[in-house]
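Note sheet for the following structure.
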Amino acid sequence: MDILTIDPTDLVILIIIFCFGLFSLFRGFTKELISIISWIFAILLAISFTPFVLSKIQVVLPSISLRPLIAGVLIALVVYILFRIIGSLFQKRLGKANISAIDRSLGFLLGVAKGFALVCITIFITKTFLNETEYPSWLRTSKSLPLIESTTMFVASQLPMYLRKNFEQKPIDSFKTETKMKFESLNLPKLKQGYSHKDTVYNEKQRLLMDKEFRKINPSQQKLQ
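Residue numbers for the sequence shown, in this note's numbering: 30 to 254.
Right under this line is the structure:
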């Protein structure tokens, strides 16, 4: 894709993902792996223990509709902090070894994956609070949005039912159809000025021009009278 014609939203997304990769390049594979494992365990434990915590906080937060989200975030943060402390102790046991080129390269790849995951989470939250018709124009024109949305909805379809009914707005099969249509519409070439979707046949001038080009390719071919 030409950098001069890339959509501004897609460019911002690429910059965010690249910055995560660059940051992880300097941190190295080991630190990034510990960080990602911490987040994975934090999210999994938050999903598993949210129903239990909800039963305890209903008395404290009886009228707040986002209780599952609040409980999940609190659990995830506590677990993440604990795992980071354990990870720091593990790194000290390993010692401060020099980070090799391979370690940095693998760290960059993990950083790119983490950046893409952050973008997906942002879209997930956006879809929770906004309908697609309410998206700003700069987001609707993004060519990377269907890919990000399809990844987000696939992950959402794997969540437990009590979370899916709170966050998932549409059935996954219906969303796949919409995503395919978005990809097709975004990849279609734009019509030149003066043309419309009603122009479904060649006019006389276009036919003569095409005939001339065909005869250039095959000079022996004569125009049929």
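Even glycine gets a Cβ: it sits at the ideal position worked out from N, Cα and C.
### Message
Using only the alpha-carbon positions, how far apart do residue 139 and residue 42 sit?
### Response
16 angstroms
### Query
Are the beta-carbon atoms belonging to residue 75 and residue 104 less than 7 angstroms from one another?
yes
#### Entry: Distance, residue 175 Cα to residue 201 Cα
Low local confidence applies: a pLDDT of 49 at residue 201 is under 50, so the model's placement there is unreliable, with the coordinate-based value given in what follows. Roughly 13 angstroms separates the two Cα atoms.
### Query
Cα separation between residue 143 and residue 129?
21 angstroms
### Task
Could you check which residue in 163, 150, 186 and 172 has the C-alpha nearest to that of residue 102?
150
### Query
For residue 46, does the count of other Cβ atoms within 10 angstroms reach 16, so buried, or fall short, so exposed?
buried
### For residue 49 and residue 171, the rounded distance between their alpha carbons
20 angstroms
### Task
Find the nearest neighbour of residue 84 within the set 146, 97 and 182, judged by alpha-carbon distance.
97
### Query
Assuming residue 37 and residue 167 make a contact with CB atoms under 8 angstroms, what is their CB distance in whole Å?
7 angstroms
### Task
Establish whether the CB of residue 154 and some CB of chain D are separated by less than 7 angstroms.
Going by chain labels, chain D is absent from the structure shown, which holds only one protein chain.
### Task
Return the chain-ordered ranges of every alpha helix (DSSP H) run that is complete within the segment 42 to 99 and spans a minimum of 4 residues.
58 to 86
#### Entry: Coarse secondary structure for residue 234, derived from DSSP in three states
helix
### Message
Please return the same chain residues whose Cβ sits closer than 6 angstroms to the Cβ of residue 153, not counting the five positions on each side in sequence.
### Response
181
### Query
Which residues in the same chain as residue 65 place their Cβ atom closer than 7 angstroms to its Cβ, once the five residues preceding and following it in sequence are excluded?
139 and 143
### Task
Measure the C-alpha to C-alpha separation of residue 117 and residue 34 and round it to an integer number of angstroms.
44 angstroms
### Task
Let me know the secondary structure DSSP gives residue 159 once reduced to three states.
coil
### Query
When you compare only the Cα positions, how much space is there between residue 86 and residue 77?
16 angstroms
### Environment of residue 237 [buried if 16+ CB atoms lie within 10 Å]
exposed
### Task
Starting from residue 177, follow the alpha helix (DSSP H) in both directions and report where the run begins and ends.
174 to 186
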